[in-house]
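Chains as they are written, first to last, in our numbering: chain S, 598 to 938; chain F, 598 to 938.
Okay, here's the thing in structure tokens:
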């Protein structure tokens, strides 16, 4: 079984964006009161939205299941207040749930959290709980920078985040550390903010080792191959050593995992060389940041399965990356699949 | 000849930091008027400050010349106003000049610019001009984020920066794009802000191709191996393609170069595989971000010469990386060396 742990519903019916546009337009009016979405989207529309996109690519590339969440750039936690974010997260999660219900063999859900800059992460607990208990989701996306490119929140190791982590541990769900759109004109979203978010989060984890002492079972996936981290693995091993921390493999790799959203063979070769196979989860982020065909290969840049297939690692390691690690990092995945079949 | 294009005066005599500490302490007092530094530092002190550090490592590692600039984390452009930054930059550059004068075989200078958040980069022109014409420096370090981790300045492609670029082109000097310390508690300086700065700058260059049309001879070095860029080279090729830009090699690689401050063999192997040898400049950043010995090799993490020596590239390519490219990117280097011998 080949499990893609990182896919977003980037192709949702236009009614969703129309609701969001109305929300954003409303914010200009001081008397605006956010209202819950009441969208009229048919099952056929949902089928059509993924049929020619994510499902087609699963078939073409030979992958089986996508762990699926709302569009990351769309989360836009910097827009409006916590109520705006709450209603927006609810409808985004509800639509992902419908995709999962219509195609139970192909998708399992992960939720967007209703974060808002400066708002206590406790605020996210009800939606996390609803997503796991009612929608059957198996994880969440956690934005380390709800300000959208200005980095105004405390580091992920700060006790500020602990109430949310307590709930994650109780529910036995991991978080993918994933920023959203950038509203900072200096910082491009998919080309800089995403990758910087990954790098920044990993260095936060290095800087403060208390987090995983306090939450030994807490798990994070750092997407996009871990940002810059594997390329600079020597730098991070050296910084940890200068900071008198244990070896990274003992210090962080029970809790921190990397996905394979790295869009060329040399990048995947480096990733699989320096990061233990136990810590790598297959992912493509399709249909996502890079949509084109690589003129050097004739295949889509984001067809990452081809790079893993070609990597100089054992079949056992490939099975860990494609399948086993997903069950380990998402403890609810097995039951979620059993329930549907 | 082996030229290290990226070294900072991280070991300067304590009098320098004492002046800076007094500057910073003064800022708490509203009536404070910044004053130029008048430091009493002897030539012997300067000799001692580099003898057991940068010079020792040059000898041990077999490198010849370091292109040398003030401590990057020390630039602290977010501290105080433009006058504070001016006086601080002057004294830092003056001290680097003294190192270069005492050890003309070993060091050539690159200047710190007196940037300050929100202040017109025109403000940096006199110090750049003084550094090149009076101090004999051959380049500058340009901070794309003088706010220190909050990214409040326009992107490097914005016309905001053009007056400085005009002067760089006139003087025929390149800039290394190098952030300084981070005052953002979420963003570690050497472990996140530095690498993010590199990644962000490169994506700025991708996003707006007008810059190098307007300044065809302008040259930037992106340090730390280009941040995350080579690891995600497929992503950047794909993003450029989605944005209808030319191939990166035609679009940016006449103007943008990467150094080799990547502190492990697999990172250097990837860098030399995906980035043309014409675009890579040898560098170690010693004595810098990572000071320890890699337990996996028994050598310093930042002894990057060993990784280039071991890389699977031709002798001709190694010569480009160690020597030829430095003369190409720093057009004033040749004359600077000739003058001293």
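Don't be surprised by glycine CBs; every beta carbon is placed ideally from N, CA and C.
Sub-8 Å separation of residue i and residue j beta-carbons
{"i": "residue 620 (chain S)", "j": "residue 685 (chain S)", "result": "yes"}
{"i": "residue 885 (chain F)", "j": "residue 605 (chain F)", "result": "yes"}
{"i": "residue 803 (chain S)", "j": "residue 753 (chain S)", "result": "no"}
{"i": "residue 855 (chain S)", "j": "residue 868 (chain S)", "result": "yes"}
{"i": "residue 703 (chain S)", "j": "residue 654 (chain S)", "result": "no"}
{"i": "residue 873 (chain S)", "j": "residue 850 (chain S)", "result": "yes"}
{"i": "residue 600 (chain S)", "j": "residue 923 (chain S)", "result": "yes"}
{"i": "residue 824 (chain F)", "j": "residue 795 (chain F)", "result": "yes"}
{"i": "residue 713 (chain S)", "j": "residue 760 (chain S)", "result": "no"}
{"i": "residue 858 (chain F)", "j": "residue 820 (chain F)", "result": "yes"}
{"i": "residue 762 (chain F)", "j": "residue 776 (chain F)", "result": "no"}
{"i": "residue 540 (chain F)", "j": "residue 709 (chain F)", "result": "Past the edges of chain F, shown from 598 to 938, lies residue 540 (chain F), and the structure says nothing about it."}
{"i": "residue 878 (chain F)", "j": "residue 852 (chain F)", "result": "no"}
{"i": "residue 724 (chain F)", "j": "residue 767 (chain F)", "result": "no"}
{"i": "residue 782 (chain S)", "j": "residue 751 (chain F)", "result": "yes"}
{"i": "residue 666 (chain F)", "j": "residue 738 (chain F)", "result": "yes"}
Extent of the continuous alpha helix (DSSP H) run through residue i
{"i": "residue 671 (chain S)", "result": "669-672"}
{"i": "residue 647 (chain S)", "result": "640-647"}
{"i": "residue 809 (chain S)", "result": "807-811"}
{"i": "residue 940 (chain S)", "result": "Examination of residue 940 (chain S) is not possible in this model, given that chain S is present from 598 through 938 alone."}
{"i": "residue 791 (chain F)", "result": "791-804"}
{"i": "residue 722 (chain S)", "result": "722-726"}
{"i": "residue 907 (chain S)", "result": "901-907"}
{"i": "residue 714 (chain F)", "result": "Segment: none, residue 714 (chain F) is in no alpha helix (DSSP H) and carries neither H nor E."}
{"i": "residue 732 (chain S)", "result": "Unbroken run through residue 732 (chain S): none, as it is neither H nor E."}
{"i": "residue 934 (chain F)", "result": "930-937"}
{"i": "residue 832 (chain S)", "result": "830-839"}
{"i": "residue 767 (chain F)", "result": "759-768"}
{"i": "residue 654 (chain S)", "result": "653-658"}
{"i": "residue 871 (chain S)", "result": "862-871"}
{"i": "residue 626 (chain F)", "result": "Run containing residue 626 (chain F): none; DSSP gives neither H nor E here."}
{"i": "residue 926 (chain S)", "result": "922-926"}
Residue burial classification, residue i (beta-carbon count within 10 angstroms, cutoff 16)
{"i": "residue 764 (chain S)", "result": "buried"}
{"i": "residue 831 (chain S)", "result": "buried"}
{"i": "residue 715 (chain S)", "result": "exposed"}
{"i": "residue 617 (chain F)", "result": "buried"}
{"i": "residue 598 (chain F)", "result": "exposed"}
{"i": "residue 639 (chain F)", "result": "exposed"}
{"i": "residue 902 (chain S)", "result": "buried"}
{"i": "residue 730 (chain S)", "result": "exposed"}
{"i": "residue 787 (chain F)", "result": "buried"}
{"i": "residue 895 (chain F)", "result": "exposed"}
{"i": "residue 746 (chain S)", "result": "buried"}
{"i": "residue 630 (chain F)", "result": "exposed"}
{"i": "residue 937 (chain F)", "result": "exposed"}
{"i": "residue 797 (chain S)", "result": "buried"}
{"i": "residue 648 (chain F)", "result": "exposed"}
{"i": "residue 899 (chain F)", "result": "buried"}
{"i": "residue 891 (chain S)", "result": "buried"}
{"i": "residue 645 (chain F)", "result": "exposed"}
{"i": "residue 881 (chain F)", "result": "buried"}
Boundaries of the beta strand (DSSP E) in which residue i is found, first to last residue
{"i": "residue 739 (chain S)", "result": "737-739"}
{"i": "residue 855 (chain F)", "result": "853-856"}
For residue i, the residue or residues it bridges with in DSSP
{"i": "residue 709 (chain S)", "result": "S:738"}
{"i": "residue 774 (chain S)", "result": "S:739"}
{"i": "residue 823 (chain S)", "result": "Paired residues: none, contrary to the question."}
{"i": "residue 601 (chain F)", "result": "F:663"}
{"i": "residue 878 (chain F)", "result": "F:856"}
{"i": "residue 606 (chain S)", "result": "S:667"}
{"i": "residue 890 (chain S)", "result": "S:897"}
{"i": "residue 818 (chain S)", "result": "S:773 and S:854"}
{"i": "residue 704 (chain S)", "result": "S:663"}
Requested in this report: Below 8 Å between beta carbons is the criterion; list the residues of the segment 600-631 of chain S that meet it against any residue of chain F, in chain order.
Outcome: none
Query raised in the report: Just by C-beta distance, which residues in the segment 693-721 of chain F are closer than 8 Å to chain S?
Result: none
Query raised in the report: Of all the residues that make up the segment 642-660 of chain S, which are near chain F by a beta-carbon distance shorter than 7 Å?
Result: none
Query - chain F contacts from the segment 733-766 of chain S (Cβ-Cβ distance under 9 Å) - result: 741, 742, 746, 747, 748, 749, 750, 751, 752, 753 and 755
Query raised in the report: Name the residues in the segment 813-843 of chain F whose C-beta lies less than 8 Å from a C-beta of chain S; which are they?
Result: 821, 822, 824, 825, 827, 828, 829, 830, 831, 832, 833, 834, 835, 836, 838 and 839
Query raised in the report: the segment 867-893 of chain F: which residues have C-beta closer than 9 Å to a C-beta of chain S, in chain order?
Result: 867, 868, 870, 871, 886, 887, 888, 889, 890, 891, 892 and 893
Query raised in the report: Name the residues in the segment 777-798 of chain F whose C-beta lies less than 7 Å from a C-beta of chain S; which are they?
Result: 781, 782, 783, 784, 785, 787, 788, 789, 792, 793, 796 and 797
Query raised in the report: When you check each C-beta in the segment 848-863 of chain F against every C-beta of chain S, which residues fall closer than 9 Å?
Result: 858, 859, 860, 861, 862 and 863
Query raised in the report: Looking at chain C, which residues of the segment 894-909 of chain S have a Cβ within less than 7 Å of any of its Cβ atoms?
Result: In the displayed structure, chain C is absent; the protein chains listed are S and F.
Requested in this report: Note down, in chain order, all residues in the segment 910-928 of chain S with a beta-carbon under 7 Å from any beta-carbon belonging to chain F.
Outcome: none
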